[in-house]
Amino acid sequence: MNNSKKVISTYNTGNVNKVINKYNTDNVNKAINKYKTDNVNKAINTYSMNNVNKAINTYSMNNVSKTIGEYNINNASKVIYKYNEEEK
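The opening residue of the sequence shown carries number 8 in my numbering; numbering runs sequentially from there.
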């Protein structure tokens with residue numbers, strides 16, 4: 008009788024430990040996966056934001072350059088016109 012109790016007890020303990028280990032392993036895996044996912048998402052978001060910022064900066068710089076170019080052309084035209092008028 009004593010031996011059968013030991014066998015049952017060992018069997019039950021083994022099953023309990025399996026359940027605990029599986030639960031712990033699952034939770035560790037969930038935590039690892041969440042950490043990986045979070046980091047991947049951060050990387051994607053950073054990459055996306057960098058590209059958005061580059062696009063905005065490129066667009067802004069192109070517009071600034073166009074504006075400066077137009078301003079310079081307008082002023083050059085005025086100067087040339089004024090010079091031509093004075094020469095008449």
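Beta carbons are placed, not taken as given, at the ideal position from N, Cα and C, and that holds for glycine.
Same chain, Cβ closer than 7 angstroms to residue i, five either side skipped, listed in chain order
i   : result
K37 : none
I80 : none
Other residues of its chain near residue i: CB distance less than 8 angstroms, five sequence neighbours each side excluded
i   : result
S72 : none
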